[in-house]
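Participant: As numbered in our numbering, residues 10 to 130 make up the sequence shown, in order. Every residue, glycine too, gets a C-beta built ideally from N, C-alpha and C. Values in this document were obtained by computation on a predicted structure and should not be read as measured data. Handing you a structure now.
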Amino acid sequence: PKGAPDQFKLLQVLGQGSFGRVFLVKKMVGPDSGKLYAMKVLKKATLKVRDRMRTKMERDILSDIRHPFIVKLHYAFQTEGKLYLILDFLNGSDLFTRLSKEVMFTEEDVKFYLAELALAL
10 PKGAPDQFKL LQVLGQGSFG RVFLVKKMVG PDSGKLYAMK VLKKATLKVR DRMRTKMERD
70 ILSDIRHPFI VKLHYAFQTE GKLYLILDFL NGSDLFTRLS KEVMFTEEDV KFYLAELALA
130 L
């Protein structure tokens with residue numbers, strides 16, 4: 010899927026890592042105009058060869074997979090200095106964040122997350 014940075018309006022920063030940021034964006038043109046997405050922006054200059062290969066693999070896998078428990082890749086494009094992945098925006102945190110904040114999960118929570126992980130695989 011193709012796109013361009015100027016097709017999206019930046020609304021807020023959702024997260025930041027060592028290679029780039031994730032933004033909440035709104036699509037401004039096309040049939041999905043007005044839809045909210047998560048835009049992952051990676052700076053090419055900070056990516057090592059191994060990281061570029063992982064990013065390409067992430068893009069390839071996400072573009073092929075259709076599953077309710079895995080975010081969908083809608084667009085992927087690049088400029089001279091940056092790589093962009095436009096993904097489903099899911100309000101809330103991911104499992105890793107929840108695991109780092111919770112001291113202990115209930116047995117019911119563990120069953121639920123294990124079932125979701127098994128279905129995703």
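May I have a chain-ordered list of the beta strand (DSSP E) segments no shorter than 3 residues that lie completely inside the stretch 20 to 52?
Facilitator: 29 to 36, 45 to 52
Participant: Roughly how many angstroms lie between the CA atoms of valine 38 and glutamine 16, to the nearest whole one?
Facilitator: Sequence index remark: in the sequence shown, residue 38 carries index 29 (1-based). Sequence index remark: in the sequence shown, residue 16 carries index 7 (1-based). About 6 Å.
Participant: Following the continuous beta strand (DSSP E) through aspartate 154, name the residue where it begins and the one where it ends.
Facilitator: Residue 154 falls outside the range modelled here, since the chain spans only 10 to 130, and no answer is possible.
Participant: For glycine 24 and arginine 30, I'd like the C-alpha separation in whole angstroms.
Facilitator: Walking along the sequence shown from the start, residue 24 turns up at place 15. Walking along the sequence shown from the start, residue 30 turns up at place 21. Rounded to the nearest angstrom, the two C-alpha atoms are 6 Å apart.
Participant: When the Cα of valine 34 is compared with those of His83, Val119, Leu126, which residue comes out closest?
Facilitator: To locate residue 34, count along the sequence shown from 1; it is residue 25. Comparing Cα positions, the closest option is His83.
Participant: Give me whichever residues DSSP pairs with alanine 85 in a beta bridge.
Facilitator: Indexing the sequence shown from 1 puts residue 85 at position 76. Partner(s): Leu94.
Participant: Taking Cβ positions, are tyrosine 93 and glycine 26 nearer each other than 9 Å?
Facilitator: By 1-based counting over the sequence shown, the position of residue 93 is 84. By 1-based counting over the sequence shown, the position of residue 26 is 17. Contact flag unset, no.
Participant: Which whole-angstrom value is the C-beta distance of tyrosine 122 and leucine 104, which I expect to be below 8 Å?
Facilitator: Taking the first residue of the sequence shown as position 1, residue 122 is located at position 113. Taking the first residue of the sequence shown as position 1, residue 104 is located at position 95. Yes, tyrosine 122 and leucine 104 are in contact; Cβ-Cβ is about 6 Å, under 8 Å.
Participant: Apply the 10 Å Cβ neighbour rule to threonine 64 and answer buried if 16 or more other Cβ atoms are within range, or exposed otherwise.
Facilitator: Position 55 of the sequence shown, counting from 1, holds the residue named residue 64. So threonine 64 counts as buried.
Participant: Does DSSP classify lysine 18 as helix, strand or coil?
Facilitator: As a position in the sequence shown, residue 18 is number 9, starting the count at 1. Strand at lysine 18.
Participant: Is any beta-carbon of chain C found at less than 9 Å from that of aspartate 41?
Facilitator: Absent here is chain C; the protein component of the structure consists of one chain.
Participant: Tell me whether the beta-carbon of leucine 28 lies closer than 9 Å to the beta-carbon of lysine 52.
Facilitator: Here the question's residue 28 lines up with position 19 in the sequence shown. Here the question's residue 52 lines up with position 43 in the sequence shown. Contrary to the premise, residue 28 reads as phenylalanine rather than leucine in this sequence. Contact: yes.
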